[in-house]
Structure formats: C-alpha cells, structure tokens
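**Q**
Residue numbers (the working numbering): 18 to 82.
#1: From the DSSP output, read off the bridge partner residues of residue 60.
#2: Cβ-heavy atom distance between residue 36 and the ligand MG below 8 Å?
#3: Going straight from the alpha carbon of residue 25 to that of residue 42, what length do you get?
#4: Tell me which residues share the same chain as residue 64 and place their Cβ nearer than 7 Å to its Cβ, disregarding the 5 neighbours each side in the sequence.
#5: Counting along the chain, where does the beta strand (DSSP E) carrying residue 39 start and finish?
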C-alpha cells in the first residue's frame, strides 16, 4: 500500500496519484506540492511557508516557542 505524501509548502496531505512532484536538477531532491498555487508560491515567487497565513507552518506573532 502506498502512503500519502505531505505538501512541501502548505503541509496538507496528498493522496496517492494526486499532486505535483517537482524534481530539482541540481541535486535530484523531490518536492511534493498539493496544487499549482503551492508550487508557484514556493518555486517561482520564493515565498516561505512561515510567512504565508494559509499554511500550516505560519508563525503567528513572529516566533514559535
């Protein structure tokens, strides 16, 4: 049985057969994205998940302890 992947940007679970796998040519590492919105925000625009309010990694108030 194939397990689920986790989105590299927003942290959502991705079901098998869904999502986008982005392979970097420099080192061959694979980043999984649940939608094109997540892929564009991370790859093209260079946004960080901790600065984007709708992601699971958002740091409310600046610092997480």
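The beta-carbon is built from N, C-alpha and C at its ideal position, and this holds for glycine as well.
**A** Reading it off the structure:
#1: Bridge partners of residue 60: none, in fact.
#2: Among the components of this structure there are no ligands whatsoever, and the ligand MG is therefore not found.
#3: Cα-Cα distance, rounded: 17 Å.
#4: Non-local beta-carbon contacts of residue 64 in its own chain, meaning distances under 7 Å to residues more than five positions away in sequence, involve 58 in chain order.
#5: Note, residue 39: beta strand (DSSP E), 37 to 40.
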